[in-house]
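Going left to right, the sequence shown walks through residues 2 to 192 as the working numbering numbers them.
Quick notes on the structure that follows.
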Amino acid sequence: MPAADTPPPAYRRRADAERNVAALLEAAAASFVERGVDAPVRDIAARAGVGVGTIYRHFPTRADLVVAVYRHQVDELAAPAATDAGSPSAALRAWVDRFVDFLVTKHGLAAALRSDDPAFLALHASFLDRLVPVCDGLLEAAVAAGECRPQVTGYELMRGIGNLCIGAESDPRYDARRMVEVLLDGLRPSS
């Protein structure tokens with residue numbers, strides 16, 4: 002009989018499976034950034050340190066893998082970040098920086114999500130449902146602290162940032178981060 006502090010064998014397998022899935026999602030995300038969503042599955046498996054069969058066991062189709070990577074990235078963005086920001090506006094800027102990373106580095110993911118594949122239909126709504134409240138909360142805290150003008154909603158800010166990030170990955174002359182900084186500077190209360 003196992004000791005009281007030793008998890009049962011099924012729990013250990015479950016933890017291993019969770020680690021495998023997390024490693025797969027991270028490896029797939031990195032591969033998608035480098036090579037697009039059509040990155041070879043064998044390369045993703047090698048990067049994650051698992052066999053190709055493990056990928057197909059968890060994600061039977063490429064669409065399943067793309068959806069899982071997208072949801073995983075949205076979950077990370079929706080999770081409260083441990084930050085030493087020091088102020089609500091600094092916390093907002095730190096989150097916006099992560100949001101810009103998400104938007105600019107998802108090479109090929111946006112095109113895949115716009116496809117007619119039914120696996121992708123609910124993702125945009127899920128994206129908004131998860132992230133708009135996060136952005137709203139950060140904006141509300143900055144407004145309450147007197148560090149941000151109250152006229153902008155989280156949805157509007159995210160939409161503006163999204164529009165500023167369009168094409169940034171394919172045009173080296175365009176600096177989306179600099180333009181987002183200009184947008185955020187415009188949220189400061191007038192003196």
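Just so you know, even glycine gets a beta-carbon here, dropped at the ideal spot from N, CA and C.
Please specify which runs of the alpha helix (DSSP H), each continuous and at least 4 residues long, are wholly inside the segment 58-95, giving them in chain order.
63-79
Using the three-state DSSP reduction, which class does Asp172 fall into: helix, strand or coil?
coil
Can you find the residues in the same chain that come closer than 8 Å, C-beta to C-beta, to Arg13, ignoring five residues on each side of it along the sequence?
In this prediction, Arg13 has a pLDDT of 47, which is less than 50 and means its spatial position is unreliable; what the coordinates show is noted afterwards. Counting only Cβ-Cβ distances below 8 Å, and skipping sequence neighbours, we find nothing.
Do Ser32 and Ala40 have their beta-carbon atoms positioned less than 8 Å apart in this structure?
Result yes, Cβ atoms of Ala40 and Ser32 sit closer than 8 Å.
Since Val42 and Val53 should fall inside the 8 Å C-beta cutoff, what is the C-beta to C-beta distance between them, to a whole number of angstroms?
6 Å
Can you have a look at Gly155 and say buried or exposed, based on whether 16 or more other CB atoms are within 10 angstroms of its CB?
buried
Could you check how far apart the C-beta atoms of Cys149 and Arg189 are, in whole angstroms? I think they sit under 8 Å.
7 Å
Are Val133 and Met159 closer than 8 Å when you measure CB to CB?
yes
Which one of Ala142, Gly147, Asn164 and Ala29 has the shortest CA to CA distance from Asp65?
Closest option to Asp65, Cα to Cα, is Ala29.
Less than 8 Å between C-beta atoms, sequence neighbours within five positions excluded: which residues of the same chain meet that for Arg72?
Leu124 and Ser127
In whole angstroms, what separates the C-alpha of Ala11 from that of Val97?
Residue confidence is low: Ala11 scores 48 on pLDDT, short of 50, so the model does not pin down where it sits. Its coordinate-derived value is still stated next. Near 40 Å, if we compare the C-alpha coordinates of Val97 and Ala11.
Does any CB atom of chain C fall closer than 8 Å to the CB of Glu27?
You won't find chain C in this structure, because it holds only one protein chain.
What first and last residue would you give for the alpha helix (DSSP H) that runs through Arg150?
Where Arg150 is concerned, there is no enclosing alpha helix (DSSP H), given that its DSSP letter is neither H nor E.
So, is Ser191 buried or exposed, given that buried needs 16 or more other C-beta atoms within 10 angstroms?
Flag for Ser191 reads exposed.
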